[in-house]
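A short write-up of the structure that comes next.
There are 2 protein chains.
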Amino acid sequence: MDMPAPSSAILSRKGAIADRLRAVLPPGCVIDDPAETRVYECDALTAYRCAPLCVVLPTSTAEVSAVLRVCHEEQVPVVPRGAGTSLAGGSLPTADAVVLGVARLTRVLDVSYEDRFIRVETGRTNLSVSMEVEAEGFFYAPDPSSQLACAIAGNIAMNSGGAHCLKYGVTTNNLLGVTMVLMDGTVVELGGPEGEALGLDLLAVVCGSEGQLGVVTEATLRILPRPEGARPVLIAFDANETAGECVAAIIRAGFVPVAIEFMDRPCIVACEAFAKAGYPDCEALLIIEVEGSEAEIADQLGRITAIASRFQPMEIREAKDSTEAARIWLGRKSAFGAMGQMGDYICLDGTIPVSQLAPVLGRIGQLADGYGLRVANVFHAGDGNMHPLILFDANSADGLHKAEALGADILRLCVEMGGCLTGEHGVGVEKRDLMTDQFRPEDLEAQMRVKDAFDPDWLLNPAKVFPLHVSASRRAAA
Amino acid sequence: MDMPAPSSAILSRKGAIADRLRAVLPPGCVIDDPAETRVYECDALTAYRCAPLCVVLPTSTAEVSAVLRVCHEEQVPVVPRGAGTSLAGGSLPTADAVVLGVARLTRVLDVSYEDRFIRVETGRTNLSVSMEVEAEGFFYAPDPSSQLACAIAGNIAMNSGGAHCLKYGVTTNNLLGVTMVLMDGTVVELGGPEGEALGLDLLAVVCGSEGQLGVVTEATLRILPRPEGARPVLIAFDANETAGECVAAIIRAGFVPVAIEFMDRPCIVACEAFAKAGYPDCEALLIIEVEGSEAEIADQLGRITAIASRFQPMEIREAKDSTEAARIWLGRKSAFGAMGQMGDYICLDGTIPVSQLAPVLGRIGQLADGYGLRVANVFHAGDGNMHPLILFDANSADGLHKAEALGADILRLCVEMGGCLTGEHGVGVEKRDLMTDQFRPEDLEAQMRVKDAFDPDWLLNPAKVFPLHVSASRRAAA
Numbered sequence: 001m002d003m004p005a006p007s008s009a010i011l012s013r014k015g016a017i018a019d020r021l022r023a024v025l026p027p028g029c030v031i032d033d034p035a036e037t038r039v040y041e042c043d044a045l046t047a048y049r050c051a052p053l054c055v056v057l058p059t060s061t062a063e064v065s066a067v068l069r070v071c072h073e074e075q076v077p078v079v080p081r082g083a084g085t086s087l088a089g090g091s092l093p094t095a096d097a098v099v100l101g102v103a104r105l106t107r108v109l110d111v112s113y114e115d116r117f118i119r120v121e122t123g124r125t126n127l128s129v130s131m132e133v134e135a136e137g138f139f140y141a142p143d144p145s146s147q148l149a150c151a152i153a154g155n156i157a158m159n160s161g162g163a164h165c166l167k168y169g170v171t172t173n174n175l176l177g178v179t180m181v182l183m184d185g186t187v188v189e190l191g192g193p194e195g196e197a198l199g200l201d202l203l204a205v206v207c208g209s210e211g212q213l214g215v216v217t218e219a220t221l222r223i224l225p226r227p228e229g230a231r232p233v234l235i236a237f238d239a240n241e242t243a244g245e246c247v248a249a250i251i252r253a254g255f256v257p258v259a260i261e262f263m264d265r266p267c268i269v270a271c272e273a274f275a276k277a278g279y280p281d282c283e284a285l286l287i288i289e290v291e292g293s294e295a296e297i298a299d300q301l302g303r304i305t306a307i308a309s310r311f312q313p314m315e316i317r318e319a320k321d322s323t324e325a326a327r328i329w330l331g332r333k334s335a336f337g338a339m340g341q342m343g344d345y346i347c348l349d350g351t352i353p354v355s356q357l358a359p360v361l362g363r364i365g366q367l368a369d370g371y372g373l374r375v376a377n378v379f380h381a382g383d384g385n386m387h388p389l390i391l392f393d394a395n396s397a398d399g400l401h402k403a404e405a406l407g408a409d410i411l412r413l414c415v416e417m418g419g420c421l422t423g424e425h426g427v428g429v430e431k432r433d434l435m436t437d438q439f440r441p442e443d444l445e446a447q448m449r450v451k452d453a454f455d456p457d458w459l460l461n462p463a464k465v466f467p468l469h470v471s472a473s474r475r476a477a478a
Numbered sequence: 001m002d003m004p005a006p007s008s009a010i011l012s013r014k015g016a017i018a019d020r021l022r023a024v025l026p027p028g029c030v031i032d033d034p035a036e037t038r039v040y041e042c043d044a045l046t047a048y049r050c051a052p053l054c055v056v057l058p059t060s061t062a063e064v065s066a067v068l069r070v071c072h073e074e075q076v077p078v079v080p081r082g083a084g085t086s087l088a089g090g091s092l093p094t095a096d097a098v099v100l101g102v103a104r105l106t107r108v109l110d111v112s113y114e115d116r117f118i119r120v121e122t123g124r125t126n127l128s129v130s131m132e133v134e135a136e137g138f139f140y141a142p143d144p145s146s147q148l149a150c151a152i153a154g155n156i157a158m159n160s161g162g163a164h165c166l167k168y169g170v171t172t173n174n175l176l177g178v179t180m181v182l183m184d185g186t187v188v189e190l191g192g193p194e195g196e197a198l199g200l201d202l203l204a205v206v207c208g209s210e211g212q213l214g215v216v217t218e219a220t221l222r223i224l225p226r227p228e229g230a231r232p233v234l235i236a237f238d239a240n241e242t243a244g245e246c247v248a249a250i251i252r253a254g255f256v257p258v259a260i261e262f263m264d265r266p267c268i269v270a271c272e273a274f275a276k277a278g279y280p281d282c283e284a285l286l287i288i289e290v291e292g293s294e295a296e297i298a299d300q301l302g303r304i305t306a307i308a309s310r311f312q313p314m315e316i317r318e319a320k321d322s323t324e325a326a327r328i329w330l331g332r333k334s335a336f337g338a339m340g341q342m343g344d345y346i347c348l349d350g351t352i353p354v355s356q357l358a359p360v361l362g363r364i365g366q367l368a369d370g371y372g373l374r375v376a377n378v379f380h381a382g383d384g385n386m387h388p389l390i391l392f393d394a395n396s397a398d399g400l401h402k403a404e405a406l407g408a409d410i411l412r413l414c415v416e417m418g419g420c421l422t423g424e425h426g427v428g429v430e431k432r433d434l435m436t437d438q439f440r441p442e443d444l445e446a447q448m449r450v451k452d453a454f455d456p457d458w459l460l461n462p463a464k465v466f467p468l469h470v471s472a473s474r475r476a477a478a
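Chains as they are written, first to last, in the UniProt record's numbering: chain A, 1 to 478; chain B, 1 to 478.
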């Protein structure tokens, strides 16, 4: 992964910059001891690491503003960081950058059950938002698998989804407003409790902008009443094609289950060996979950299994109680652990049209054979969000390199089939150099003009999202 | 309504500019005969009119690009126009502007039922999109009441909603991708059949941007399978407060009916006199519609009427068949006609938090009394989108002026209560000068920077959205 050379002028002023930052923050909020900054050298894309200039952990929007004003005056790049769980290297530092962590911004600012929103500081973890409103029977819908650890700030930066996003949408569909600090320290309010935009909908472009436009310090989130119940059904098939056709038929019929998860044989075998969930011996497996009142659940499951029956399933296993439901989910939920036990892996994140599920799985198999690598597929099939897991040997000299090359080929395949490089993990550094496969030059240019408008000096989250050669002239001018 | 003085330099070049436009378009696509441009002098906000420099009606994206290149070179403002149904004056011309109508861009370009999208040119009317996919059992969800006439281009410009938007969302929730021509003629592709954004989500900021960023010529829209059935229930109350509390309780319980419509006594009386729908004699009336399979409908209506019963309704009238359903909807659907028969009126469009329905209705009544005017309320209560109708006498010297002043007070009240100046009609010229009531200067500045990025010369749709004094320095510099 190419990264721009750090500015020696900034490196030489390291001490003075840290002192200026200390002057605007309470004691203990600036970390520049290399032993202590170590934990900030990478996020969950651990293959890439870089020690930052220093780390700041402000405790309020006003302090974030003060930090950014200093960095703007000093023309120092800033890498915003949530909880550091990005799988795309979204908060990978550069050596001349200040890492601005929001981990100490964790307050709950407001809750309204009548108007169904909660306002929090963005360092708060995803799961703790739902826990805050649980006693009143509410929840916050986006639920990335890292939800125990990941921060709302990162969810907004990456427009995170999760297992529930088929029914409830991703972060952008559940985000009503934010307070954001621009690179020059200006504090802007976008959206609000009512969520509606008028004039230009900046909230929508900020969501998913990967820290390129500003630092989001507060967020108003939609909360929803928890459904009365939920129940999964497991459906086994003897071919990926048939399972793919079944998903397309269910979607076409207009159902919006909470989740339609798809596992292929390599994934089923790995999960069964690991978790012993009692999965059938089959080529492809769907787990479909519906929710609502008992009557709604029974009605929906009846219709879904009727559709599935047209595709000659090997087995339809409806959960009769919560123990059976947990057992059906057990294998799926341990997929990443199971794959980890088999060796090193990288987890991809691309999208394809639902109609292309089966042919894409076939092509992925061929690509993997070409590299002599194994790929297991587990993904959110209902919205075509694939997560191929590429197994490789990290101890082999070119193990990671080969796996990344296969990963790039698979993501290019997604684009070729009418899909996207990323469904919910973001571009970060991981997919940065593939952006020219997704976008024409004029489309990227339009995106960069908006970046210019918010961050004319290109100081925020450097070397992410836009390929270095595409942004070169802007970064040179800045 | 203040409008900027037209450029005399442009007015003096009128003939030459029309000739240059004729040179890049097929015969008959440039209209500059004042008799023929007359129909383009206003949209549905007929109180404001202005003859444009000329009108162009291109027939392809390439022709739109050619027109914009000419206008960019000539530095002539451009007013994009869909079907001219804007209630906010969104396509009001200025005397020195070229009106760019998309009325001849009406082709269907692609349909996929498996991946649930349709791609159309944006001059196509909203209803004709649903009709195109009706035979296969699908529909396009946003349904503004002008859907027979309004164009997809205008729906995207204003982020239009409609009666179904409580369940299905507004245009932005159903728009997957667009082709847009920038002011300099560059053609960009935003989004795609998969809808997902990566990098910066420009599609989201373009939706609802009221023609400030570019001219959208093609759109990929989500289509949905039509539900099996739908059924309304009418619930009558003896006080607005109780009806408002009932709506809040239903929303809080997590129901997402297709529609929750609210009518107050002045509106009920007018509709009953006009349409004779057999509405009860009451202070406030809710029409709640649910849809789905017969089992789902019965289940949902049972729970909704159980909640409503807690609020001592005067009557709960469930439709037993399609005749009764039509009768329940008859009054509501004729509300605007009924009001029109009582006199001239202006229709407002603001939003408030659902919890504030009752107090806001009370305050509106007090404000109306202060002006000596009558207001009838009919609105989408489920999402707090109000449409107060202000009756006035157009033949009185200050009739319109007084009604507009009351309207502005009511919209400021919406903002004060935590809501918005507009739910689905847009800002246009109508609400332009109220934007400083909604936004702080730094928030408007952030919006204008994005406008700068797309349209640095501020040529697109002049004098809309941003108050003239706020945009003055930019327009002077351009």
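Note that beta-carbon positions come from the ideal geometry of N, C-alpha and C, so glycine has one too.
- At a cut-off of 8 Å between C-beta atoms, P193 (chain A) counts as an interface residue with respect to chain B.
- Within the region 356-367 of chain A, those residues whose Cβ lies closer than 9 Å to any Cβ of chain B are, in chain order, Q356.
- DSSP places T37 (chain B) inside the alpha helix (DSSP H), whose first and last residues are P34 to T37.
- Between G208 (chain A) and T172 (chain A), the C-beta gap is smaller than 8 Å, which places the two residues in contact.
- Between G161 (chain B) and L176 (chain B), the C-beta gap is not smaller than 8 Å, which leaves the two residues out of contact.
- Here the region 452-468 of chain A makes no contact with the region 219-226 of chain A; the two share fewer than three CB pairs at distances below 8 Å.
- Residue pairing by DSSP puts N377 (chain A) in a beta bridge opposite A:P388.
- Closest in alpha carbon position to N155 (chain B), among B:E121, B:V188, B:G185 and B:K167, is B:E121.
- One thing to note: A338 (chain B) has its Cβ within 8 Å of the Cβ of A275 (chain B).
- Using beta-carbon distances, Y48 (chain B) does not count as an interface residue toward chain A, since no partner is under 8 Å.
- Just so you know, the alpha carbons of G137 (chain B) and R116 (chain B) end up roughly 11 Å apart.
- Around the beta-carbon of D32 (chain B), 16 or more other beta-carbon atoms lie within 10 Å, marking it buried.
- Comparing C-alpha distances from R374 (chain A) to each of A:M342, A:D398 and A:V354 shows the shortest one belongs to A:M342.
- Taking all protein chains shown into account, T125 (chain A) has 16 or more neighbouring C-beta atoms within 10 Å of its C-beta and is therefore buried.
- Close CB contacts of R363 (chain A) within its chain, under the 6 Å cut and outside five residues either way in sequence, are with L413 (chain order).
- Shown here for R332 (chain B): same chain residues with a beta carbon closer than 6 Å to its own, the five before and five after excluded, namely E261 and I287 in chain order.
- In the structure shown, G15 (chain A) falls within a helical segment according to DSSP collapsed to helix, strand and coil.
- No residue range can be given for G84 (chain A), since it is assigned to no alpha helix (DSSP H) and is classified by DSSP as neither H nor E.
- Bounds of the alpha helix (DSSP H) holding F454 (chain A) are P441 to F454.
- S86 (chain B) is not a Cβ neighbour of M3 (chain B), given a cutoff of 8 Å.
- Under the rule that a run must span 3 or more residues, the beta strand (DSSP E) segments found entirely inside the region 191-237 of chain B read 215-222 and 229-237.
- In the structure shown, R69 (chain B) falls within a helical segment according to DSSP collapsed to helix, strand and coil.
- Rounded to whole angstroms, S7 (chain B) and E189 (chain B) show a C-alpha spacing of 33 Å.
- R104 (chain A) carries a coil assignment under DSSP once its states are collapsed to helix, strand and coil.
- Contact check for V429 (chain A) against L202 (chain B) fails: the beta carbons are separated by 8 Å or more.
- Rounded to whole angstroms, the separation of the alpha carbons of V108 (chain B) and R119 (chain B) is 6 Å.
- Judged by DSSP secondary structure, L406 (chain A) falls within the alpha helix (DSSP H) whose first and last residues are G399 to E416.
- Just so you know, the alpha carbons of C29 (chain A) and V98 (chain A) end up roughly 12 Å apart.
- The C-beta distance from T422 (chain B) to V470 (chain B) rounds to 17 Å, too long to fall under 8 Å, and the pair is not in contact.
- A Cβ-Cβ separation of about 5 Å places L57 (chain A) in contact with G101 (chain A) under the 8 Å criterion.
- Residues of the region 91-124 of chain A that bring their beta carbon within less than 8 Å of a beta carbon in chain B comprise S112, Y113, E114, D115 and R116, in sequence order.
- Separation of the CB atoms of C42 (chain B) and L92 (chain B) is rounded to 6 Å, and the pair is thereby assigned contact status at 8 Å.
- No residue range can be given for L25 (chain B), since it is assigned to no alpha helix (DSSP H) and is classified by DSSP as neither H nor E.
- Sequence-distant partners of V133 (chain B) (beyond 5 residues in either direction) whose C-beta falls short of 8 Å from its own C-beta, in its chain, are V111, Y113, I118, F139, Y140 and I223.
- A distance of 8 Å or more separates the beta carbons of I152 (chain B) and E74 (chain B).
- Excluding the 5 residues flanking it on each side, V187 (chain B) has same chain C-beta neighbours closer than 7 Å at T61, S65, T179 and V181, in chain order.
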